[in-house]
Each structure stands twice: as structure tokens, then as C-alpha cells.
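Remarks on the structure that follows.
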């Protein structure tokens, strides 16, 4: 679908934490230290990943409703019964 088409290596943001990372910048509000590095040729490898049978988009959930219209009359009092 359209959403899956947008999930590409070129559009991703990769974040990882490691005690071995040498910080090179400091964030201005909280002073958190961080480092950045280009993705480089890894993006090309990510564009053609190996197939993983267990990794797939799940089937649609039949319990999620498609129609959210109200069934019945809404009354002024929360204790009044709803009538169809």
C-alpha cells in the first residue's frame, strides 16, 4: 500500500545508543550528548534485504469496526437507555 511504499531506507532515521559512542555534539535544551554519522552504503544494502519469512504485515483485524456511526438515539441523561 501507500504507507508501505513510503518506508524506504532513504526516508529512515536510525537511532541507537551505546556506551562506546564518543559524543561530538550537545543538544541545547537538556544537554544530552550525541553523535551523528552518515548511513553511507548501508542504505543500498537495506534496499535489497534478505527475505525473512516470519517478518510480514499482519492480516487485517476483523474485530476493528469499519462503521463508526451511532446506532440509536442519544439521550440527554447518561442513565437513560439508548433505543434503536
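In this note's numbering, the protein residues as written are 2 to 85. Positions of the beta carbon are idealized from the N, C-alpha and C atoms, including for glycine.
Open item on the list: In this structure, how does DSSP classify residue 34 when only helix, strand and coil are distinguished?
Closed with: As a position in the chain shown, residue 34 is number 33, starting the count at 1. Reduced to three states, the DSSP call for residue 34 is strand.
Return the bridge partner residues of residue 27 from the DSSP annotation. Taking the first residue of the chain shown as 1, we reach residue 27 at position 26. According to DSSP, which records beta bridges pairwise, residue 27 is partnered with 34.
request  = Quick one: measure Cβ to Cβ for residue 17 and residue 28, integer angstroms, because I've assumed they're closer than 8 Å.
outcome  = Position 16 of the chain shown holds residue 17. Position 27 of the chain shown holds residue 28. Under the criterion of beta carbons closer than 8 Å, residue 17 and residue 28 do not qualify as touching, at roughly 16 Å.
Next item on the list: Using the Cα positions of residue 40 and residue 80, report the straight-line distance between them to the nearest angstrom.
Entry: Numbered from 1 along the chain shown, position 39 holds the residue referred to as residue 40. Numbered from 1 along the chain shown, position 79 holds the residue referred to as residue 80. Cα to Cα, the separation comes out at about 59 Å.
Measuring CB to CB, does residue 20 end up less than 7 Å from residue 47? As a working note, residue 20 is residue 19 in the chain shown. As a working note, residue 47 is residue 46 in the chain shown. It is not a contact, given that the beta carbons lie outside the stated cut-off.
Next on the checklist: Can you look up residue 60 in the DSSP assignment and give me helix, strand or coil?
Outcome noted: Within the chain shown, numbered from 1, the residue matching residue 60 stands at position 59. The answer is coil: DSSP assigns residue 60 none of H, G, I, E or B.
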